[in-house]
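Participant:
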Amino acid sequence: DNSEVSEKSNFQVPKAVEKVLAGSIRREMALEEFCTKQTSEISQLNRLVQQYKHERECNAIIGQTREDKVVRLESLMDGVLSKDDFLDEEFASLMHEHKLLKDMYENHPEVLQTRIELKRAQEELESFKNFYGDMGEREVLLEEIQDLKAHLQCYTDTSLTSSRKRGSLLKLTYTCDPNQAPPPLDTIPESTDESPEKTLEQERLHWTEAETNWISLAEELRAELDTNRKLMEKQKRELDTERRCAEELTEAMQMAMQGHARMIEQYADLEEKHIQLLARHRRIREGIDDVKKAAARAGVKGAESRFINALAAEISALKVQREKEAQYFRDENKSLQSQLRDTAEAVHAAGE
327 DNSEVSEKSN FQVPKAVEKV LAGSIRREMA LEEFCTKQTS EISQLNRLVQ QYKHERECNA
387 IIGQTREDKV VRLESLMDGV LSKDDFLDEE FASLMHEHKL LKDMYENHPE VLQTRIELKR
447 AQEELESFKN FYGDMGEREV LLEEIQDLKA HLQCYTDTSL TSSRKRGSLL KLTYTCDPNQ
507 APPPLDTIPE STDESPEKTL EQERLHWTEA ETNWISLAEE LRAELDTNRK LMEKQKRELD
567 TERRCAEELT EAMQMAMQGH ARMIEQYADL EEKHIQLLAR HRRIREGIDD VKKAAARAGV
627 KGAESRFINA LAAEISALKV QREKEAQYFR DENKSLQSQL RDTAEAVHAA GE
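Okay, so the sequence shown: first residue is 327 according to my numbering, each after it adds one.
#1: If you drop the 5 nearest sequence neighbours on each side, which residues of the same chain put their C-beta closer than 8 angstroms to that of GLU358?
#2: Is DSSP giving SER401 helix, strand or coil here?
#3: Which of the three DSSP states is assigned to SER419 in this structure?
#4: Alpha carbons only, please: which of MET558, GLY405, CYS384 and TRP540 is nearest the one belonging to LYS475?
#5: What did DSSP end up calling LEU413 once you bin it into helix, strand or coil?
#6: Judging by CA-CA distance, which residue of LEU407, ASP394, ILE590 and LEU444 is the nearest neighbour of LEU268?
#7: In whole angstroms, give me the CA-to-CA distance for MET579 and GLN561.
#8: Helix, strand or coil for ALA507, going by three-state DSSP, please let me know.
#9: Which word fits ARG588, buried or exposed, when buried means at least 16 other C-beta atoms lie within 10 angstroms of its C-beta?
#10: Compare the C-alpha of LYS618 against each of ILE641, LEU407, LEU371 and MET583 and name the closest.
#11: Buried or exposed: GLY349, going by 16 or more other Cβ atoms within 10 Å of its Cβ?
#12: Applying the 10 Å Cβ sphere with the 16-neighbour rule, what's the burial state of ARG382?
#13: Quick one: is GLU529 near chain D, going by C-beta distance under 8 angstroms?
#14: Straight-line CA distance for ILE313 to ILE388?
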């Protein structure tokens with residue numbers, strides 16, 4: 327059972343980690359898109375500030391035109407300005423004021439702010455449609471949650487050091503009262519007192535916090551993968567070292583076997599020489615016996631007897647020398663046998 331669990335964990339862990347990293351990359355891309363949108367909103371707000379400044383300038387100009395109109399009316403009442411000139415200047419002033427009012431209407435800050443808020447609401451609505459609609463982002467997140475739960479279960483079955491990751495996963499649940507059960511993921515919490523904008527903001531904060539937790543968990547898994555990779559590289563280096571040691575041991579065994587073969591050849595040569603010496607000694611001995619028999623049959627005496635005795639003494643000396651050589655070869659044979667036995671024991675120990 328333990329081997330089946332370990333095999334299952336070894337199969338599921340890389341797949342779950344791959345899915346988690348893919349989800350993290352996808353959320354990073356979504357975060358970059360959100361940052362781009364925020365940058366666009368900042369530029370629009372800067373434009374809004376400029377339009378407020380422009381509106382203030384336009385209001386100042388309109389106030390000045392009102393004062394100019396009062397001055398013209400006073401000049402008309404005093405008779406300084408004729409009626410036709412008054413009408414011409416009033417018409418020009420009204421055209422200029424109309425142009426300013428039209429420009430203020432087209433670039434009114436409140437209109438632009440309303441457009442920005444409308445665009446933001448449409449984008450949030452589109453994101454929620456993608457999340458709960460046809461894009462299936464909610465299903466993808468649920469699948470990632472299930473994969474991570476399976477991943478966590480595999481780690482808890484194989485190692486006791488994964489309790490920290492269990493805590494990280496449990497933090498990703500809906501932030502609510504600990505004694506209250508979390509709401510299901512497929513429902514949107516409804517509130518009669520809070521506005522939809524506040525609800526959307528809370529949901530966004532919740533998913534941002536969950537995403538942060540997932541990213542931190544992915545970083546922890548990435549660090550653990552790096553640690554496992556370093557451990558694997560270390561084991562690989564140790565395996566290479568053991569392989570080199572095995573190759574060196576094999577070479578040493580081959581050299582020992584070659585030395586053993588040479589010693590066997592030397593032993594065979596010595597044994598052959600020993601057999602040849604024994605055969606030579608046998609022939610010499612037979613020759614001496616033949617000479618003694620021939621001398622006995624002939625009844626040799628005097629100088630011939632001395633010659634035979636000298637020859638027998640020489641033969642005895644040769645016999646002593648042969649015995650010395652035989653003893654030397656026996657000692658050499660014992661030494662070679664001892665070396666052969668030591669070599670065999672060394673080869674056997676190296677094989678074990």
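Virtual Cβ for every residue (Gly too), placed ideally from N, Cα, C.
Since the model is a prediction, treat every value here as computed from it, not as a measurement.
Facilitator: To lay it out plainly:
#1: none
#2: SER401: helix per DSSP, three-state reduction.
#3: helix
#4: Comparing alpha-carbon positions, the option among MET558, GLY405, CYS384 and TRP540 lying closest to LYS475 turns out to be TRP540.
#5: helix
#6: The chain is shown only over 327 to 678; residue 268 falls outside these bounds and no answer can be derived.
#7: The alpha-carbon atoms of MET579 and GLN561 are separated by roughly 26 angstroms.
#8: For ALA507, the predicted structure reports a pLDDT of 44, less than 50, and the residue's modelled location is therefore unreliable. A value from the coordinates is still provided. Coil.
#9: exposed
#10: ILE641
#11: Here GLY349 is buried: its Cβ has 16 or more other Cβ atoms, across all protein chains shown, within 10 Å.
#12: exposed
#13: Absent here is chain D; the protein component of the structure consists of one chain.
#14: Summary: the structure shown does not reach residue 313, with the chain confined to residues 327 through 678, and so no result is reported for it.
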